[in-house]
Amino acid sequence: MKVRNWLVGIITVIAIIGLGSYIFNNPAGLFRQIFIMVLVAFAIYFIYRIWAGRKPDHRENRSFAKAARLSKKRNRVSHQPSGQIRKKPLRKRSAAHLTVIDGKKSKKKDRAIF
3 MKVRNWLVGI ITVIAIIGLG SYIFNNPAGL FRQIFIMVLV AFAIYFIYRI
53 WAGRKPDHRE NRSFAKAARL SKKRNRVSHQ PSGQIRKKPL RKRSAAHLTV
103 IDGKKSKKKD RAIF
C-alpha cells in the first residue's frame, strides 16, 4: 500500500513539473491542446447522447407506460359512493365528571424557609 502511495506521488510531481515546463515553453500550445481535448470530449458526449436516444423500442416503451397508466386509472376502485360523500356523525363527548378533593387549606406554608 505504501508503494502505491509513493508511486502516485512521484507521478503527480512529474506531471506538475512537465506542465510547468510546458506553460513556460509553449503556453499557446498548451491552451490549444486543452481546447482540443475539451472539444473531443463534448463531441464524444453528444455522439453518445444521439446514439443512446435512438433506441427502436423507445416509442413502444412510452406507449406501454401510457397504456399502463390508463389501465390503472380505469381499474381503480372508488371508495366513495358516486354523487354524494357520506359523513360519519360526530360522537357526542360525555361530560367529564370531576370532583373537588378538599385539602388542608388551613395550614399555611412557612415562607421564611426556602
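Per the numbering used here: the sequence shown = residues 3 to 116.
Note that the Cβ used here is the ideal one computed from N, Cα and C, for glycine as well.
#### Entry: Boundaries (first-last residue) of the alpha helix (DSSP H) holding Arg6
4-27
### For Ala98 and Pro91, the rounded distance between their alpha carbons
21 Å
### Task
Quick one: measure Cβ to Cβ for Leu32 and Ile25, integer angstroms, because I've assumed they're closer than 8 Å.
Going by Cβ atoms, the distance from Leu32 to Ile25 rounds to 6 Å, so yes, they are a contact pair.
### Message
Taking only three categories from DSSP, how would you classify Val102?
### Response
coil
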